[in-house]
Amino acid sequence: MWKEAAAEALPEVEFRAPVDATALAEAVRRLGRDLPAQLTALLMETDGIVGEYGTDVVWSLDRILEQNLLFRSPDTFPDLYMPFDPLLFFGDNGGGDQFAFVLTPERPDIFVWDHEDDSRLWAARELKDYLHRSLAGDGDWYR
979 MWKEAAAEAL PEVEFRAPVD ATALAEAVRR LGRDLPAQLT ALLMETDGIV
1029 GEYGTDVVWS LDRILEQNLL FRSPDTFPDL YMPFDPLLFF GDNGGGDQFA
1079 FVLTPERPDI FVWDHEDDSR LWAARELKDY LHRSLAGDGD WYR
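So for the sequence shown, my numbering puts the first residue at 979; every next one is plus one.
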């Protein structure tokens, strides 16, 4: 389902081998919370999605884990940005802005974090909508 939705928006989209259940369980353990159901289902089909110009529209599970642990580290950005705890980052636009699910309160919407001004703005209704918008649009489709 997820690969078809992505390919519908951009036929040249690139996929990776799916993530296995053991790797997902380890990521959940290290993050200390479940991944959103839509993201889990996508990762079980493909470990990330690469759009035009090599943009990681959906990161690999390893990068999701790495980036979210980094952003939650108390030594990383304590005085620069609002807390990232309510967000789960999973992709970017290739220019520094990152896309995230809101975990608290839990909702299917996708938000974009602008790295220049620390704003967090609505970008898509849910993951399928995000895939369509991000793969079919230009680099700043969410503005």
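Backbone N, C-alpha and C define an ideal beta-carbon position, used for all residues, glycine too.
| C-alpha distance - I1042 paired with D1075, whole-angstrom precision | Straight-line Cα distance between these residues: approximately 14 Å.
| task | For the segment 983-999 and the segment 1012-1023, state whether three or more C-beta atom pairs, one from each stretch, are separated by less than 8 Å. | result | yes
| Looking at L1039 and L1002, is the spacing between their C-beta atoms short of 8 Å? | yes
| task | Buried or exposed for D1096, please, with buried defined as at least 16 other CB atoms from any protein chain shown within 10 angstroms of its CB. | result | exposed
| query | Helix or strand or just coil, what does DSSP make of A995? | reply | coil
| field | Spatially closest choice to G1026 from G1032, V1036 and S1112, by CA coordinates | value | Ranking G1032, V1036 and S1112 by Cα distance to G1026 puts V1036 first.
| How long is the line joining the alpha carbons of T1082 and W980, rounded to whole angstroms? | Taking the straight line joining both Cα atoms gives about 24 Å.
| request: Tell me where the alpha helix (DSSP H) around D1098 begins and ends. | output: At residue 1098 the sequence reads Arg, which differs from the Asp that was named. Segment R1098 to A1102 is the beta strand (DSSP E) holding R1098; no alpha helix (DSSP H) there.
| task | Within its chain, find whatever has a CB closer than 7 Å to the CB of A987; leave out the 5 residues flanking it on each side and keep chain order. | result | L1109, H1110, L1113 and A1114
| field | Range of the contiguous beta strand (DSSP E) that encloses W980 | value | Run containing W980: none in the beta strand (DSSP E); it sits in the alpha helix (DSSP H), W980 to A987.
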